[in-house]
Every structure is written in structure tokens, then in C-alpha cells.
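According to the working numbering, the stretch in the sequence shown is residues -7 to 66, in order. Virtual Cβ for every residue (Gly too), placed ideally from N, Cα, C. Keep in mind the model is a prediction, meaning the values are calculated, not measured.
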Amino acid sequence: MARRGRKRRLELEAEYWRLLAAGVGSVEACRRLGIRRKTGYRWRAENGGLQADYLPESSRSGRNKLTAYASGEP
């Protein structure tokens, strides 16, 4: 009996996250893997967006630093 629903492509999804970790944009990662942008965005939504582990250091926001500064912490 055939499975119902979407078939998970774990290898492709893992490679998608590796590309994002390397600093490649979501649209470019989808193009390289031959998947639709909608699939990449769905994977991100299912995983709660981009975690800090997947973002290059240069693109991480300084929000926590600004919050600490505003609250008077050194």
C-alpha cells in the first residue's frame, strides 16, 4: 500500500540546511538543489525559521547586545 502525504526528502533537506549554514541564501539554495522556493520556505517554517546555528556570524543580529545596552548592562 502506498504512503499518503508528502514524501520526506531528508538528504535534500539536510543539504539545504548545510547551504544556509555556509551563507547561501534560501532562494539560491533551492535553485542549487532543484527544489521549489515554497519547499525551502516550508522547511524553514516547520523548523521555526533559521536558528542561530545556521546563520553565518556576520549576519546575526546584535539585538541581544542592544537590549543589554538599553537596560544598562555593561
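Can you grab the Cα-Cα spacing for the pair residue i / residue j, in whole Å?
| i | j | result |
| --- | --- | --- |
| Arg29 | Arg23 | 8 Å |
| Thr31 | Asn39 | 12 Å |
| Arg1 | Gly15 | 22 Å |
| Trp9 | Tyr33 | 12 Å |
| Arg52 | Ala21 | Its pLDDT being 46, under 50, Arg52 is placed unreliably by the model, and the measurement read from it follows with that caveat. Roughly 19 Å separates the two Cα atoms. |
Taking residue i and residue j to be in contact with their CB atoms under 8 Å, please state how far apart those CB atoms are, rounded to whole angstroms.
| i | j | result |
| --- | --- | --- |
| Arg(-4) | Ser18 | No, Arg(-4) and Ser18 are not in contact; Cβ-Cβ is about 28 Å, not under 8 Å. |
So which of the options has the shortest CA-CA distance to residue i?
| i | options | result |
| --- | --- | --- |
| Glu7 | Leu42, Leu25, Gly41 | Leu25 |
Is any beta-carbon of chain C found at less than 9 Å from that of residue i?
| i | result |
| --- | --- |
| Leu4 | The structure shown has no chain C; it contains just one protein chain. |
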